[in-house]
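Below: one structure, written as structure tokens.
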Amino acid sequence: MPEQLLFAAEVTLNGLMAGVLYALVALGFVLIYKASGIFNYAQGVMALFAALTLVGIMEGQVPFAHLINVIFGTEIHHFGWEVPALLAIFLTVIVMIIFAWLVNHFVMRHLINQEPIILFMATIGLAYFLEGVGDLMWGSDIKRLEVGLPQGINEFIDEKTFEALGYGFFIDNLDIVATIIAVILVAGLVIFSQYTTQGRALRAVADDHQAALSVGISLNFIWVLVWSIAGFVALVAGMMWGAKSGVQFSLSLIALKALPVLLIGGFTSIPGAIIGGLIIGVGEKLFEFSIGPLIGGATENWFAYVLALVFLCIRPQGLFGDKIIERV
Amino acid sequence: MIYREAGDFKTSYQSDAQTFPIKLDRIGYFITLFVAVLVVPFVINDYMANAILMPFLIYAIAALGLNILTGYCGQVSLGTGGFMAVGAFACYKLMTAFPDVSILIHVLLSGVVTAIVGVLFGLPSLRIKGFYLAVATLAAQFFLVWLFNKVPWFYNNSASGMINAPERTVFGFAVTGPGASAAAQYLICLAFVIVLALIARNLTRGAFGRRWMAIRDMDIAAEIIGVNPLKAKLTAFAVSSFYIGIAGALFFAVYLGAAEAGDAFGITKSFLVLFMVIIGGLGSIFGSFAGAAFLVVLPVVLKVVGADWMGWPDDLVAHLQLIIVGALIMAFLILEPHGLAQLWRVTKEKLRLWPFPH
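Chains Y and A supply the protein sequences, listed in that same order. Numbering-wise (this note's numbering), the first sequence opens with residue 1008 and increments by one. Numbering-wise (this note's numbering), the second sequence opens with residue 21 and increments by one.
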């Protein structure tokens, strides 16, 4: 095969891997949207917050150390212990569950029956709030996240493809792990929502709030549950992105990348989120690779949105979404 | 006790339909105008102008523009930053291409250019709404900023990618460039604000405004009573972008003096203006001013209280500011979805009956 084509194939593969990461973030959106009709803009910041918390717990940072030092004139930074990764992940999950409860109790509960756009703007407020809290708790410097995920080029694929095609494919180990984890996560979610009582209740709430309420399903509990699951998905996404490029503010911007993913896949479909993520991931990499050099590069910033715009005009409900979108 | 309409007889249709039906409001309005035009320019200093007054005036224009689109016509836009960038770069190109033409005309023309771009990106609104539209405007935001960063023609091939405002004068006073005095810059912004606010107020209570509000409240019903949604939505996009373009032009030429698309007109700017509109009050002219004032003054107050009085480090104050702004947004949406403007309205209702509320 010609060199150019092989290179394109490699770009496509890497795009697929990047797409998995987009899909992970988009998943969190879909979960909350399906269950409560809220488009949660704060999902990206939740990923950032979860990753920050994970790093903070692992390194034994004192939360709000900066604030405490300033007020009391002390000099504390770390507890002086290090928490193993698994325990830290467990503790972070607990933090995210508490966060889910707080969000539901203080914000979303009071906004029932508001228009979707009001809810959307409330989550923008939540995103700002959470970003501030995250920075205040753990500091805003860039952190390295090391939970023992493998990183770097996968030698095996490199060698095998070199033997077979005469050209070694460069594929990051981390991307492979991310793909596997995403698959497990999605499988887990599907099993949860299809075969457990709570999962069934969750789908009932998604279908019809009032009907669910009338058969005795607690809306509050379901919403806390959904936000907790979204928090967990955010943690997974935050870990993957954090391991890839460090835990920093730009992590929260992946939320913006997930928007076009959802428009393409449909707001209400879990498979849609995954396929949409893959399309965006491959599309933007290939576009940058083929057309990018002609028009100045850095097209990754806007390609996804323009693609989503095109999709909106042709198929407004997305590939797998419900056909309930109102046309004007 | 004195704030009421009793005794203020309206003898003509014109006086009945005026903007401020209560005498005290009218007096308040003229006193504000008098202070803003004839007192402030003589006591202004650089810090006051740069930290509070000029951002307030310029953001007020942008908030007016976004309020027309989001508050009156119900179309949510997250592309404000991108449209401000269009205004800024249009102004820059015009200023450098036609140095002899007055800056006032340039600013107005940049508004027109932005209006055209706005209509272009408003076209999807004919088919989609709600946050589907919000995402479409987000596409405008990212695409426009990328465009201004990548195409050298827009910044006249300058090595840094920055645009710098050359010195221009109005009536012999420099208003842009390093030689401009704070008072002149303030006055030029104020002039635009006064004229644009007047136009906005009258547009929104006239036929245009009623069409927009009809579309906002229920598009199908509006269509049935004979409002053309295409025209209503596109005029809202055009007028809104015109305002935002002027705000962008003033922001770059008068306030910043030098700008770079990604820094000055990023997505955060879009959110900032949206927050102003939410906190101030959707669908209210007064609300646009209140929201702009609030979000311009809040960081200054926090900085003075936190950094200067308490001696806290700057980054801590910045984090606290994020928390407070986010909490305020949520609190307003929960407690008072119509923002500061509604609080003001309620206060006025109470004042009218005071001290005998029954």
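For every residue, glycine included, the Cβ atom is placed at its ideal position computed from N, Cα and C.
* Option nearest A/Ile42 by Cα separation, candidates A/Lys30, A/Asp66, A/Val96 -> Locating residue 42 of chain A in the second sequence gives position 22, where the first residue counts as 1. Cα-wise, what sits closest to A/Ile42 is A/Lys30.
* For Y/Tyr1048, which of Y/Leu1269, Y/Glu1153, Y/Asn1021, Y/Asn1076 has the nearest alpha-carbon? -> Position 41 of the first sequence holds residue 1048 of chain Y. Answer by Cα proximity: Y/Leu1269.
* Consult DSSP for A/Ser261 and reduce its assignment to one of helix, strand or coil. => Walking along the second sequence from the start, residue 261 of chain A turns up at place 241. Residue state, collapsed to three classes: helix.
* Which residue or residues does DSSP assign as beta-bridge partners of Y/Lys1150? -> Your numbering for residue 1150 of chain Y matches position 143 in the first sequence. In the DSSP output, where bridge partners are listed per residue, Y/Lys1150 has Y/Val1254.
* Asked: Is any beta-carbon of chain Y found at less than 8 Å from that of A/Gly359?
  -> Within the second sequence, the letter at position 339 stands for residue 359 of chain A. By this cut-off, A/Gly359 is not an interface position.
* For the alpha helix (DSSP H) containing Y/Asn1076, list its first residue and its last residue. => In the first sequence, residue 1076 of chain Y corresponds to position 69, counting from 1. Segment 1072-1079, the alpha helix (DSSP H) holding Y/Asn1076.
* Asked: Given A/Val190, which residues of its chain have a CB within under 8 Å of its CB, disregarding the five upstream and five downstream residues?
  -> Stepping through the second sequence from its first residue, residue 190 of chain A is reached at position 170. Once the five neighbours on either side are set aside, the close Cβ partners of A/Val190 are Ser122, Ile123, Leu124, Ala204, Ile208.
* Which residue comes first and which comes last in the alpha helix (DSSP H) that contains Y/Phe1318? -> For this step, residue 1318 of chain Y is matched to residue 311 along the first sequence. Run containing Y/Phe1318: 1307-1321, per the alpha helix (DSSP H) assignment.
* Cβ-based burial, A/Asn87 [other Cβ within 10 Å; buried from 16] -> In the second sequence, the residue the question calls residue 87 of chain A occupies position 67. Buried, by the Cβ-count rule.
* Asked: If we ignore side chains and look at the alpha-carbon of each, how far apart do Y/Val1335 and A/Ile235 end up?
  -> On the first sequence, position 328 is the one that residue 1335 of chain Y refers to. On the second sequence, position 215 is the one that residue 235 of chain A refers to. Residue confidence for Y/Val1335 is low, a pLDDT of 45 falling below 50, so the modelled location carries little weight and cannot support an answer.
* To do: Establish whether the CB of Y/Tyr1312 and some CB of chain A are separated by less than 8 Å.
  => Within the first sequence, numbered from 1, the residue matching residue 1312 of chain Y stands at position 305. Yes, because at least one Cβ of chain A sits closer than 8 Å to the Cβ of Y/Tyr1312.
* Using a Cβ cut-off of 8 Å (strictly closer), state whether A/His339 contacts chain Y. => As a working mapping, residue 339 of chain A is identified with position 319 in the second sequence. At least one CB of chain Y lies nearer than 8 Å to the CB of A/His339.
* Note down, in chain order, all residues in the segment 220-242 of chain A with a beta-carbon under 7 Å from any beta-carbon belonging to chain Y. => Asp239
* **Given 8 Å, three or more beta-carbon pairs between the segment 1137-1151 of chain Y and the segment 338-356 of chain A** => yes
* Leaving out the 5 sequence neighbours to the left and right, which residues in its chain are closer than 8 Å to A/Thr288 when beta-carbon positions are compared? -> For the purposes of this step, residue 288 of chain A is identified with residue 268 of the second sequence, where counting begins at 1. Only Gly101 meet the Cβ criterion.
* Residue from A/Phe309, A/His358, A/Asp334, A/Asn184 with nearest C-alpha to A/Gly277 -> Position 257 of the second sequence, counted from the first residue, corresponds to residue 277 of chain A. The shortest Cα separation from A/Gly277 among A/Phe309, A/His358, A/Asp334, A/Asn184 belongs to A/Asn184.
* **chain A contacts made by the segment 1127-1140 of chain Y, where a contact means CB separation under 8 Å** => Phe1127, Met1128, Ala1129, Ile1131, Gly1132, Leu1133, Ala1134, Tyr1135, Phe1136, Leu1137, Glu1138, Gly1139, Val1140
* Could you have a look at Y/Gln1205 and say whether DSSP puts it in helix, strand or coil? => The residue you call residue 1205 of chain Y lines up with position 198 of the first sequence. Three-state result, Y/Gln1205: helix.
* **A/Gln341 (DSSP reduced to helix, strand or coil)** => As a working note, residue 341 of chain A is residue 321 in the second sequence. Helix at A/Gln341.
* **Buried or exposed by the 16-neighbour rule on C-beta atoms within 10 Å, applied to Y/Ala1244** => Working through the first sequence from its first residue, we reach residue 1244 of chain Y at position 237. With 16 or more Cβ atoms within 10 Å of its Cβ, Y/Ala1244 is classed as buried.
* **chain A contacts made by the segment 1265-1285 of chain Y, where a contact means CB separation under 8 Å** => Leu1266, Pro1267, Leu1270
* **Entirely enclosed alpha helix (DSSP H) segments - the segment 200-285 of chain A, minimum 4 residues** => Complete alpha helix (DSSP H) runs here, min 4: 202-224, 227-237, 239-244, 249-270, 281-284.
* **Candidates Y/Ala1030, Y/Asp1142, Y/Ala1211, Y/Phe1163: closest to Y/Ile1187 by CA position** => For the purposes of this step, residue 1187 of chain Y is taken as residue 180 along the first sequence, with counting starting at 1. With distances taken between Cα atoms, Y/Ile1187 lies closest to Y/Ala1030.
* Asked: Using 8 Å as the limit for Cβ to Cβ distance, is Y/Trp1145 near chain A?
  -> On the first sequence, residue 1145 of chain Y is found 138 positions in, with the first residue counted as 1. No - not a single Cβ of chain A is within 8 Å of the one on Y/Trp1145.
* Taking only beta-carbon positions, decide if A/Ala156 is within less than 8 Å of chain Y. => Mapped onto the second sequence, residue 156 of chain A falls at position 136. Yes - at least one Cβ of chain Y is within 8 Å of the one on A/Ala156.
* To do: Using the Cα positions of Y/Leu1034 and A/Phe314, report the straight-line distance between them to the nearest angstrom.
  => Taking the first sequence and counting its residues from 1, one reaches residue 1034 of chain Y at position 27. Taking the second sequence and counting its residues from 1, one reaches residue 314 of chain A at position 294. Answer to the nearest angstrom: the Cα atoms are 36 Å apart.
* Does A/Gln362 get closer than 8 Å to chain Y when you measure Cβ to Cβ? -> Counting from one through the second sequence, the residue named residue 362 of chain A turns up at place 342. For A/Gln362, the answer is no, since every Cβ of chain Y falls outside 8 Å of its Cβ.
* Rounded C-alpha distance that separates Y/Phe1228 from Y/Glu1122 -> Here residue 1228 of chain Y is taken as the residue at index 221 of the first sequence, counted from 1. Here residue 1122 of chain Y is taken as the residue at index 115 of the first sequence, counted from 1. Cα to Cα, the separation comes out at about 22 Å.
* **Test: Y/Gln1011 CB closer than 8 Å to a CB of chain A** => Here residue 1011 of chain Y is taken as the residue at index 4 of the first sequence, counted from 1. Chain A contact via Cβ: absent.
* Asked: Are the beta-carbon atoms of Y/Ile1261 and Y/Ile1287 separated by less than 8 Å?
  -> For the purposes of this step, residue 1261 of chain Y is identified with residue 254 of the first sequence, where counting begins at 1. For the purposes of this step, residue 1287 of chain Y is identified with residue 280 of the first sequence, where counting begins at 1. No; because the gap between Cβ atoms is not below 8 Å, this pair is not in contact.
* Given a limit of 7 Å on CB to CB distance, which residues of the segment 293-323 of chain A reach chain Y? -> Ile298
* Those residues which DSSP pairs with A/Thr189 across a bridge -> The residue given as residue 189 of chain A occupies position 169 in the second sequence. Paired residue(s): A/Ala194.
* Between the CA atoms of A/Phe212 and A/Val171 - distance to the nearest angstrom -> If you number the second sequence from 1, residue 171 of chain A lands on position 151. If you number the second sequence from 1, residue 212 of chain A lands on position 192. Taking the straight line from one Cα to the other gives about 30 Å.
* Note down, in chain order, each residue of its chain lying with its Cβ closer than 7 Å to the Cβ of A/Gly99, except the 5 sequence neighbours on either side. => Residue 99 of chain A sits at position 79 when you count from the first residue of the second sequence. Spatial neighbours of A/Gly99 in its own chain (CB-CB distance under 7 Å, excluding positions within 5 residues in sequence) are listed in chain order as Phe141, Thr157, Leu158, Ala160, Gln161, Ser290.
* To do: Grab me the residues of A/Leu250's own chain with a C-beta within less than 8 Å of its C-beta, minus the 5 sequence neighbours each way, in chain order.
  => Looking up residue 250 of chain A in the second sequence gives position 230. Answer for A/Leu250: Leu146, listed in chain order.
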